[in-house]
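J.: The structure's right below; bear with me while I get my questions together.
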Amino acid sequence: MSGPTSLSALEACRKKTLADVVHEHEQEELEGTALEKSLSAVDVIAFGIGSTVGAGLFVITGRAASEYAGPAITLSFLLASIACLLSALCYAELAARIPVAGSAYSYTYVSLGEGAAWFIGWNITLEYAVAASAVARGWAGYLAAFLDSVGYPLPWWLYSIPLTKSPFLESGCPIAALLVLACTGVLLCGVRESSRMNKAMTAVNLAVIMFIIFVGVQHVSTDNWEPFAPRGVDGVVSGAAYAFFSYIGFDAVCTLGEELRDPRRDLPVGIIGSLAAVTVLYIAVSAVLTGMVPVSQIDADAPLAAAFVSAGLPWAARLVAFGSVTILTATTFCSLFGQPRVLLSMARDGLIPRAFGNVTHGTHVPAFGTVVSGVASAVMALLFGISELTDVISIGTLSAFMVVCFSVLVLRFRGAATKAELLGPGVGSAAARRGGWWLRVRAAAARRTAPWMWIAGFFVAAVLLNVAVRTDIGSDDDSGEGVRTWPVWSLLPVLALTFLPPLALSSLYEMNTAQMADDGAQKVPWIPCLGIVVNVHLIAGLTEGAMVRMVVWTAMGAAIYAAYGYKSSALGALRRA
Numbered sequence: 001m002s003g004p005t006s007l008s009a010l011e012a013c014r015k016k017t018l019a020d021v022v023h024e025h026e027q028e029e030l031e032g033t034a035l036e037k038s039l040s041a042v043d044v045i046a047f048g049i050g051s052t053v054g055a056g057l058f059v060i061t062g063r064a065a066s067e068y069a070g071p072a073i074t075l076s077f078l079l080a081s082i083a084c085l086l087s088a089l090c091y092a093e094l095a096a097r098i099p100v101a102g103s104a105y106s107y108t109y110v111s112l113g114e115g116a117a118w119f120i121g122w123n124i125t126l127e128y129a130v131a132a133s134a135v136a137r138g139w140a141g142y143l144a145a146f147l148d149s150v151g152y153p154l155p156w157w158l159y160s161i162p163l164t165k166s167p168f169l170e171s172g173c174p175i176a177a178l179l180v181l182a183c184t185g186v187l188l189c190g191v192r193e194s195s196r197m198n199k200a201m202t203a204v205n206l207a208v209i210m211f212i213i214f215v216g217v218q219h220v221s222t223d224n225w226e227p228f229a230p231r232g233v234d235g236v237v238s239g240a241a242y243a244f245f246s247y248i249g250f251d252a253v254c255t256l257g258e259e260l261r262d263p264r265r266d267l268p269v270g271i272i273g274s275l276a277a278v279t280v281l282y283i284a285v286s287a288v289l290t291g292m293v294p295v296s297q298i299d300a301d302a303p304l305a306a307a308f309v310s311a312g313l314p315w316a317a318r319l320v321a322f323g324s325v326t327i328l329t330a331t332t333f334c335s336l337f338g339q340p341r342v343l344l345s346m347a348r349d350g351l352i353p354r355a356f357g358n359v360t361h362g363t364h365v366p367a368f369g370t371v372v373s374g375v376a377s378a379v380m381a382l383l384f385g386i387s388e389l390t391d392v393i394s395i396g397t398l399s400a401f402m403v404v405c406f407s408v409l410v411l412r413f414r415g416a417a418t419k420a421e422l423l424g425p426g427v428g429s430a431a432a433r434r435g436g437w438w439l440r441v442r443a444a445a446a447r448r449t450a451p452w453m454w455i456a457g458f459f460v461a462a463v464l465l466n467v468a469v470r471t472d473i474g475s476d477d478d479s480g481e482g483v484r485t486w487p488v489w490s491l492l493p494v495l496a497l498t499f500l501p502p503l504a505l506s507s508l509y510e511m512n513t514a515q516m517a518d519d520g521a522q523k524v525p526w527i528p529c530l531g532i533v534v535n536v537h538l539i540a541g542l543t544e545g546a547m548v549r550m551v552v553w554t555a556m557g558a559a560i561y562a563a564y565g566y567k568s569s570a571l572g573a574l575r576r577a
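Going by this note's numbering, the first residue of the sequence shown is number 1, and it counts up by one from there.
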């Protein structure tokens with residue numbers, strides 16, 4: 001029994017090489033089954049803005065300011081963008097080296113193997129489907145509010161149909177499902193047409209945001225910015241953790257890799273450029289909001305519209321409501337774009353039915369996957385409310401972020417050579433003695449360890465650091481209920497343990513440039529390691545319900561992989577041939 005089980009486990013770790021990915025892509029282009037290369041950096045940035053700027057602009061800005069950071073929400077958004085940048089840089093590096101449609105799924109296949117790639121692909125397909133559904137439900141609410149404000153209320157049978165008494169299926173929303181189906185129809189017309197549509201919506205949305213900023217700034221009172229950080233540093237950091245989820249969506253840019261004319265240049269530009277643009281917009285809007293209205297009076301549900309009403313500009317509030325509808329339309333559209341492309345990559349690898357890998361000759365889109373994912377998202381938008389959907393998005397995205405950071409470490413240090421100065425005749429040699437104690441320690445460590453040990457050790461250290469922080473080290477809480485109070489200095493050993501693996505990787509090994517070029521080497525291993533720490537912390541802060549849904553969905557995926565994907569894997573068939 002143990003033999004086949006062990007063999008199966010080993011085969012689930014089978015990996016592609018970068019050469020395999022390049023060869024497969026070239027073969028698909030020769031056979032005419034590749035996606036059309038017609039997009040530029042401008043298209044990517046527009047797509048990144050469209051997929052990222054959404055409900056965060058109209059909800060998170062107000063709640064983060066009123067409940068956490070106060071006017072210092074601008075610093076919270078800046079801090080959140082830096083935390084997100086850690087993962088974005090890892091995405092940018094891998095996207096430039098592996099410019100295919102699978103995004104994190106394809107990166108994981110090369111770095112960690114088929115089983116881990118299935119886990120990521122299975123979860124990010126859910127993320128994209130649920131994101132489209134959740135945003136469509138939010139869009140329906142904003143549309144109803146906007147039409148009501150201009151005197152044309154939406155019929156109840158389009159917006160809220162009673163279904164059951166269950167909190168999970170309380171009411172249906174047909175108009176949200178109609179939006180998803182309409183966006184799916186546009187996507188089926190081809191990537192050129194879809195990109196034109198997205199750029200037009202992005203232009204309208206940017207015009208609305210500029211209106212909010214330039215009109216709102218005329219009604220700013222600097223007195224409202226005092227005190228700037230009413231809850232101190234803790235409030236700013238808590239606000240940053242809450243605001244981080246406003247940036248989720250930039251990773252969908254990587255699914256465009258196969259459709260860019262120059263992906264090695266345009267994907268990194270698109271990822272970092274869209275993240276920078278979104279950061280500027282969030283900071284500017286949050287500064288205007290907190291300047292227009294005292295923090296204690298911010299409406300958590302509709303902060304921007306309420307701010308303009310309080311300023312005596314009801315017409316502007318209606319324009320803001322209209323902007324929320326157009327912005328969420330673009331977000332829904334972009335969320336639907338990514339899922340069929342991940343399914344396309346998984347189907348090419350044989351992990352799901354081949355029909356998902358079919359590309360139509362006329363429009364050059366994965367039509368079957370687009371229809372299936374669109375219909376599935378429409379059904380979810382029809383039946384489920386936002387609260388049942390949002391936590392699933394967060395945990396799926398953060399898992400992908402963390403695995404992408406690990407992928408950079410693995411590809412940079414897989415087969416890495418020990419640094420030349422540590423390859424002397426021995427630790428006790430004259431050369432080692434002349435090099436001092438630090439050289440002797442490094443030489444001994446290099447001989448007794450391997451990069452994978454340090455990478456695995458770092459993950460354990462990151463989890464321990466998160467546990468230490470979340471058990472409230474140095475808390476002044478005297479209740480003793482559910483709080484462990486440790487002295488502040490006890491954090492230092494955990495920090496040292498977390499700091500040690502990246503220090504060892506950078507000082508013991510020459511980074512691998514056979515699979516990864518050396519132009520991004522200066523940020524490794526520190527940037528990926530910091531990204532892992534941030535993502536572990538954010539995952540641990542999600543609700544128990546989100547964790548349970550993740551476990552259930554992953555178990556379903558594991559069963560499907562065992563029953564179908566493992567046996568039908570194209571790489572597995574190639575290895576067995």
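We put the beta carbon where it would ideally sit given N, CA and C, even for glycine.
What are the boundary residues of the alpha helix (DSSP H) that includes residue 199?
T.: First-last of the alpha helix (DSSP H) with residue 199: 191-216.
J.: Is it buried or exposed for residue 565, if we count other Cβ within 10 angstroms and need 16 for buried?
T.: Residue 565 comes out buried.
J.: In angstroms with no decimal places, state the Cα-to-Cα distance between residue 120 and residue 444.
T.: Between residue 120 and residue 444, the C-alpha separation is close to 37 Å.
J.: Thinking just about the alpha-carbon of each residue, which of 214, 289, 203 is nearest to the one in residue 49?
T.: Measuring from the Cα of residue 49, the nearest candidate turns out to be 203.
J.: Of the choices 139, 285, 465, 246, whose alpha-carbon is the least far from that of residue 218?
T.: Of the candidates 139, 285, 465, 246, the one whose C-alpha sits nearest the C-alpha of residue 218 is 285.
J.: Within the same chain, show all residues whose beta-carbon is closer than 6 Å to that of residue 397, passing over the 5 residues directly before and after it, in chain order.
T.: Correct list, in chain order: 127, 248.
J.: What is the rounded straight-line gap between the Cα of residue 371 and the Cα of residue 295?
T.: Distance between the alpha carbons of residue 371 and residue 295: 45 Å.
J.: Judging by CA-CA distance, which residue of 528, 533, 451, 527 is the nearest neighbour of residue 465?
T.: Of 528, 533, 451, 527, the residue nearest in Cα terms is 533.
J.: For the alpha helix (DSSP H) that contains residue 258, what are its first and last residues?
T.: Run containing residue 258: none; DSSP gives neither H nor E here.
J.: Report yes if the CB atom of residue 301 is closer than 9 Å to the CB atom of residue 59, and no otherwise.
T.: Yes. Within cutoff.
J.: Spell out the partners DSSP gives residue 417 in its beta bridges.
T.: Answer is 510, bridged to residue 417.
J.: Considering only C-alpha positions, which residue in the set 178, 567, 116 is nearest to residue 15?
T.: Among 178, 567, 116, the Cα nearest to that of residue 15 belongs to 116.
J.: Exposed or buried, what is residue 83 when buried is set at 16 or more other beta-carbons lying within 10 Å of its beta-carbon?
T.: Result: buried.
J.: What residue range is occupied by the uninterrupted alpha helix (DSSP H) comprising residue 231?
T.: No alpha helix (DSSP H) holds residue 231; DSSP gives it neither H nor E.
J.: Tell me, which residues are paired with residue 383 by DSSP?
T.: Paired residue(s): none; residue 383 is not in a bridge.
J.: Using the DSSP secondary-structure output, state which residues sit across from residue 39 in a beta bridge.
T.: According to DSSP, which records beta bridges pairwise, residue 39 is partnered with 260.
J.: How far does the alpha helix (DSSP H) with residue 361 in it extend, from its first residue to its last?
T.: Counting along the chain, residue 361 falls outside any alpha helix (DSSP H), and DSSP gives it neither H nor E.
J.: Going straight from the alpha carbon of residue 346 to that of residue 191, what length do you get?
T.: Going from the Cα of residue 346 to the Cα of residue 191 covers about 20 Å.
J.: Given a cut-off of 9 Å on the beta-carbon distance, is the pair residue 255 and residue 46 in contact?
T.: Going by C-beta atoms, residue 255 is not nearer than 9 Å to residue 46.
J.: Just the C-alpha distance for residue 266 and residue 223, rounded to the nearest angstrom, thanks.
T.: Approximately 43 Å, taken between the alpha carbons.
J.: Whose C-alpha, out of 314, 139, 349, is nearest the C-alpha of residue 118?
T.: Out of 314, 139, 349, 349 has the C-alpha closest to the C-alpha of residue 118.
J.: Go through its chain and collect everything with a Cβ distance to residue 109's Cβ below 6 Å, but skip five positions before and after it.
T.: The residues are 16, 117.
J.: Counting Cβ pairs closer than 8 Å, one from the region 77-95 and one from the region 363-381, do we hit at least three?
T.: Touching, no, given that fewer than three Cβ pairs across the two stretches are closer than 8 Å.
J.: Is it buried or exposed for residue 13, if we count other Cβ within 10 angstroms and need 16 for buried?
T.: With fewer than 16 Cβ atoms within 10 Å of its Cβ, residue 13 is classed as exposed.
J.: Let me know if residue 474 comes out buried or exposed under the rule of 16 or more other beta-carbons within 10 Å of its beta-carbon.
T.: For residue 474, the pLDDT reaches just 47, beneath the cut-off of 50, and the residue's location in the model is therefore unreliable, although a value from the coordinates is still provided. Exposed, since its Cβ has fewer than 16 Cβ neighbours within 10 Å.
J.: Is the region 356-371 touching the region 84-91, taking contact as three or more C-beta pairs under 8 Å?
T.: With a cut-off of 8 Å, the region 84-91 and the region 356-371 do not count as touching, because too few Cβ pairs lie within range.
J.: Between 492, 367, 37, which has its C-alpha nearest residue 469's C-alpha?
T.: Comparing Cα positions, the closest option is 492.
J.: Our contact map puts residue 239 next to residue 69 with C-beta atoms below 8 Å; I'd like the distance itself, whole angstroms only.
T.: Right, their Cβ atoms sit about 3 Å apart.
J.: So, helix, strand or coil for residue 450, using DSSP?
T.: Reduced to three states, the DSSP call for residue 450 is coil.
J.: Just reading off the alpha helix (DSSP H) that residue 348 is part of, what are its end residues?
T.: Segment 314-348, the alpha helix (DSSP H) holding residue 348.
J.: When you compare only the Cα positions, how much space is there between residue 104 and residue 415?
T.: Roughly 22 Å separates the two Cα atoms.
J.: Taking the alpha helix (DSSP H) that residue 74 belongs to, which residues open and close that run?
T.: Looking at the DSSP string, the run of the alpha helix (DSSP H) that includes residue 74 is 73-97.
J.: Can you tell me the Cβ-Cβ gap for residue 225 and residue 71, rounded? I've got them flagged as a contact below 8 Å.
T.: Going by Cβ atoms, the distance from residue 225 to residue 71 rounds to 4 Å, so yes, they are a contact pair.
J.: Looking at the structure shown, is residue 529 part of a helix, part of a strand, or coil, going by DSSP?
T.: Reduced to three states, the DSSP call for residue 529 is helix.
J.: Could you name the residues of the same chain whose beta carbon sits closer than 6 Å to that of residue 568, not counting the 5 residues immediately before and after it, in chain order?
T.: Excluding residues within five positions, the ones whose Cβ falls inside 6 Å are 350.
J.: So what's residue 294 in DSSP terms, helix, strand or just coil?
T.: In the structure shown, residue 294 sits in coil (DSSP, three-state: anything other than H, G, I, E or B).
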